[in-house]
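In what follows, a structure is listed as structure tokens, so that the remarks can point back to it.
There are 2 protein chains.
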Amino acid sequence: MIDSELTNPSDNVVLALDLGGTNARFTAVRRDGEILARVRVPTPGHGSTAAMLDTIAGGFEQLRSGMSAELLPIAVAAAVPATISSATGVLEQLPNVPALEGVDLRAVLSERLGLKAVLENDATAATLGEHWMGASKGIDNVIGVTLGTGVGGGLIIDGKAYRGKDGTAGEIGHVCVEPEGHPCGCGSRGCVEQYSSGTAIVRMALEAGIDADTPLKVYELAKQGDERAILVFVKMGRYLGIAFSGLVNVLNPDAIVIGGGVSAGWDMFIEHVRREVNERAFRDPAERVNIVRASLGEDAGVLGAALVAFERAA
Amino acid sequence: MIDSELTNPSDNVVLALDLGGTNARFTAVRRDGEILARVRVPTPGHGSTAAMLDTIAGGFEQLRSGMSAELLPIAVAAAVPATISSATGVLEQLPNVPALEGVDLRAVLSERLGLKAVLENDATAATLGEHWMGASKGIDNVIGVTLGTGVGGGLIIDGKAYRGKDGTAGEIGHVCVEPEGHPCGCGSRGCVEQYSSGTAIVRMALEAGIDADTPLKVYELAKQGDERAILVFVKMGRYLGIAFSGLVNVLNPDAIVIGGGVSAGWDMFIEHVRREVNERAFRDPAERVNIVRASLGEDAGVLGAALVAFERAA
């Protein structure tokens with residue numbers, strides 16, 4: 018499907034992808050943050066590397082062919098659910114898109130599309146997108162958190178993305194909140210991802226005797242007053258607040274912006290998050306930090322990736 | 018006592034204080050980091066605010082009177098065991114020097130000594146000192162940790178001190194590592210300070226049936242092979258490593274520099290710290306981070322405070 022809305026066709030655009038485990042979303046983003054065209058295709062899950070690269074290149078071509086000829090793509094950008102090795106440029110640690118493990122996606126995109134290509138970790142991209150056009154616009158020190166299948170994160174420090182020495186910074190989902198807690202796919206135990214992700218909500222619901230295969234179903238039960246489901250969200254929010262309280266003490270941020278699909282359950286967990294932060298963090302930074310919901314929905318990632326491309330192409 | 022060593026008397030110096038709960042250490046620091054004079058006086062503990070301010074001003078005067086007349090003090094700097102409110106400038110949260118709670122020490126020093134005055138949190142000052150002249154010289158992204166009566170911390174991000182929105186950043190001692198753990202003076206429970214500080218070592222030793230009133234005595238017992246004392250350091254190092262693993266995942270730093278009196282027990286705890294980081298943090302940032310011992314000893318704080326003064330006076 019193509020949804021193309023050309024408001025100012027003479028502008029330069031970045032072709033920006035947000036690559037998820039289920040869908041790949043392609044957009045044409047103008048320098049002012051306007052999204053001028055969209056294409057969404059299913060991600061071929063656990064297929065071959067070649068099939069995945071064909072899908073990605075094909076999606077970009079489909080986007081480009083549906084755009085006005087007057088639009089000039091100046092770069093291609095991709096938000097990826099991976100660590101991007103700053104040493105080699107290859108993608109690492111992407112359990113949701115294993116076909117791209119070890120692939121230099123930047124080089125492939127650049128060659129296939131004939132454009133400068135930039136990659137960004139998806140949670141960092143979403144944090145940057147919200148900082149550019151959304152909930153944390155104009156705010157200098159921000160922790161961005163994406164609650165989805167896992168728990169992702171990104172950092173804005175002094176107004177800029179902070180990626181750390183190897184580009185791996187921001188892994189807020191893997192702050193330990195329970196030393197002998199539930200085993201985590203990362204190899205540790207008791208990471209906050211094991212209590213505050215969509216996957217964790219379903220698992221904790223099952224442990225409480227609830228038959229629900231999505232976090233949404235657990236949320237709906239909680240809204241209907243199911244005590245067990247309510248307690249799942251108490252636990253989910255409490256552990257997220259414990260992780261936040263440490264980050265608030267260490268980073269003294271202006272804001273924490275929470276996005277991702279699981280943030281839709283906001284009203285069932287946010288009070289528990291805030292209570293832990295208020296009870297555990299120091300007074301000044303606890304009063305300072307504004308814990309808010311992301312405002313761009315699914316567009317945060319493509320906008321953040323596009324922003325990086327505009328900055329690097331400039 | 019005065020220990021004055023004038024190697025280049027024509028230089029500008031900063032008069033730099035490191036204010037602890039037991040001693041106040043005054044130094045004259047040259048722009049190249051050389052310490053040219055030293056004075057140490059006992060801190061009047063829990064006396065009046067006036068007595069404390071007289072002690073501090075008197076120490077600076079004693080330092081100045083013992084210095085060569087050719088040395089030109091351009092500023093006074095103090096590393097303080099407190100949060101310095103960036104809004105009001107007053108000192109907050111200093112349990113070890115309660116007489117200065119709510120005092121605008123910067124204004125007092127400036128008026129009494131007739132010099133520009135700057136304040137810095139002591140753990141941030143120590144982190145900056147090590148970054149200027151010590152273990153993390155030339156390294157861009159550093160977590161500094163001071164293991165003393167409590168656990169303090171400071172952050173260097175992109176080569177500069179990171180203080181957060183209110184100047185309270187770096188409170189690494191108050192990362193929660195055990196949600197229902199030992200109550201902390203900060204109001205939370207299970208902060209790493211409750212397991213990895215000197216105070217915690219003595220408490221955990223007592224809990225294990227050891228009669229020791231200082232961390233050094235617990236360390237000496239551990240060195241002699243006392244199993245209970247060894248296990249105190251296993252626990253102390255394990256919890257410190259759990260806190261570090263989260264910080265390594267979130268900040269992907271080049272180095273963690275550990276100083277403070279309790280770092281003297283290095284050989285009894287460091288392997289447990291490193292094990293937790295290696296087992297819990299992601300591979301790339303865990304391999305990246307260099308966990309090293311601070312190299313400046315007691316001079317780190319005055320050097321860091323002096324550095325800030327040189328930068329602001331420039």
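Those protein sequences? They're chains A and B, same order as listed.
Just remember that our numbering sits 17 ahead of the position in the first sequence, which is counted from 1.
Just remember that our numbering sits 17 ahead of the position in the second sequence, which is counted from 1.
For each residue, glycine too, the CB sits at the ideal point set by N, CA and C.
These numbers come from a predicted model, not from an experiment.
If you count every other CB in all the chains shown that lies within 10 Å of the CB of residue i, and 16 or more means buried, which is it?
i                    : result
asparagine 40(A)     : exposed
proline 5(A)         : Nothing can be reported for residue 5(A), as the shown portion of chain A is limited to 18 through 331.
glutamate 224(A)     : exposed
proline 232(B)       : buried
arginine 329(B)      : exposed
glycine 176(A)       : exposed
alanine 104(A)       : exposed
glycine 254(A)       : buried
lysine 252(B)        : buried
glutamate 195(B)     : buried
phenylalanine 327(B) : buried
aspartate 20(A)      : Residue confidence is low: aspartate 20(A) scores 48 on pLDDT, short of 50, so the model does not pin down where it sits. No coordinate-derived value is stated.
aspartate 271(A)     : buried
proline 302(A)       : buried
valine 325(B)        : buried
glycine 215(B)       : buried
asparagine 25(A)     : A caution first: asparagine 25(A) carries a pLDDT of 49, below 50, which makes its placement in the model unreliable, though a value can still be read off. Under this definition asparagine 25(A) is an exposed residue.
glycine 165(A)       : buried
aspartate 316(A)     : buried
glutamine 241(A)     : exposed
valine 30(A)         : buried
serine 213(A)        : buried
methionine 18(B)     : Low per-residue confidence applies at methionine 18(B): pLDDT is 42, beneath 50, and the placement is therefore not dependable, though the value from the model is reported in the following sentence. So methionine 18(B) counts as exposed.
Are the beta-carbon atoms belonging to residue i and residue j less than 8 Å from one another?
i                 : j                : result
valine 290(A)     : leucine 257(A)   : yes
aspartate 28(B)   : leucine 80(B)    : no
arginine 55(B)    : threonine 44(B)  : yes
alanine 96(B)     : glycine 318(B)   : yes
asparagine 158(B) : glycine 131(A)   : no
alanine 311(A)    : alanine 142(A)   : no
glycine 155(A)    : glycine 161(A)   : no
alanine 246(B)    : alanine 239(B)   : yes
alanine 344(A)    : arginine 123(A)  : Residue 344(A) is absent from the model: chain A starts at 18 and stops at 331.
isoleucine 173(B) : threonine 144(B) : yes
alanine 33(A)     : methionine 69(A) : no
threonine 185(B)  : threonine 66(B)  : no
glycine 263(B)    : glycine 263(A)   : yes
glycine 198(A)    : glutamine 211(A) : yes
Since I believe residue j is in contact with residue i (beta carbons under 8 Å), could you give me their beta-carbon distance rounded to a whole number of angstroms?
i                : j                 : result
valine 267(B)    : glycine 167(A)    : Not confirmed; about 15 Å, so no contact.
alanine 94(A)    : valine 120(A)     : Between valine 120(A) and alanine 94(A) the Cβ distance is about 16 Å, and since that is not below 8 Å, they are no contact.
glycine 190(A)   : tyrosine 236(A)   : Actually they do not touch by this definition, with Cβ atoms about 20 Å apart.
aspartate 139(A) : asparagine 269(B) : Contact flag wrong, Cβ pair sits at about 17 Å.
proline 112(A)   : leucine 36(A)     : Contact flag wrong, Cβ pair sits at about 13 Å.
valine 192(A)    : alanine 260(A)    : 5 Å
glycine 204(B)   : glutamate 296(A)  : 7 Å
valine 265(A)    : alanine 217(A)    : Incorrect: roughly 22 Å between the Cβ atoms, too far for contact.
glutamate 147(B) : valine 274(B)     : 5 Å
How would you write the range of the beta strand (DSSP E) that residue i sits in, first residue to last?
i                : result
valine 135(B)    : 133-138
proline 59(B)    : 52-59
glycine 276(A)   : 272-276
glycine 161(B)   : 159-164
lysine 177(B)    : 177-179
leucine 111(A)   : Premise fails: leucine 111(A) is in no beta strand (DSSP E) and is neither H nor E.
isoleucine 91(B) : 89-97
arginine 48(A)   : Counting along the chain, arginine 48(A) falls outside any beta strand (DSSP E), and DSSP gives it neither H nor E.
Tell me the residue span of the alpha helix (DSSP H) that contains residue i.
i                : result
arginine 300(B)  : 300-305
glycine 403(B)   : Nothing about residue 403(B) can be read from this structure; chain B reaches only from 18 to 331.
isoleucine 73(A) : 66-82
leucine 34(A)    : Leucine 34(A) -> not in any alpha helix (DSSP H); beta strand (DSSP E) instead, spanning 29-36.
proline 232(A)   : 232-240
isoleucine 17(A) : In the structure as shown, chain A starts at 18 and stops at 331, and residue 17(A) therefore has no counterpart that could be examined.
arginine 123(B)  : 122-130
Since residue i meets chain D, which of its residues come closer than 8 Å, beta carbon to beta carbon?
i             : result
serine 205(A) : Among the protein chains in the structure shown, which are A and B, there is no chain D.
According to a CB-to-CB cut-off of less than 8 Å, which residues of the stretch 180-197 of chain A neighbour chain B?
-> Arg180, Gly181, Lys182, Asp183, Gly184, Thr185, Ala186, Gly187, Glu188, Ile189, His191, Val192, Cys193, Val194, Glu195, Pro196
Identify each residue in the stretch 107-134 of chain A for which the Cβ-Cβ distance to at least one residue of chain B is less than 9 Å, and report them in chain order.
-> Glu109, Gln110
Return the residues of the stretch 293-327 of chain A that lie within a Cβ-Cβ distance of less than 8 Å from chain B, sorted by chain order.
-> Glu296, Arg297, Ala298, Phe299, Asp301, Pro302, Arg305
Using a Cβ cut-off of 8 Å, which residues of the stretch 133-166 of chain B contact any Cβ in chain A, in chain order?
-> Asp157, Asn158
Going along the stretch 227-261 of chain A in order, which residues come within less than 7 Å of chain B, judged by CB to CB distance?
-> Ile259
If contact means a Cβ-Cβ distance below 8 Å, which residues of the stretch 71-103 of chain A contact chain B?
-> Thr100, Ser102
Report the residues of the stretch 268-290 of chain A with a CB closer than 8 Å to any CB of chain B, ordered along the chain.
-> Leu268, Asn269, Pro270, Asp271
Output, in sequence order along the chain, the residues in the stretch 27-41 of chain B whose CB is closer than 8 Å to any CB in chain A.
-> none
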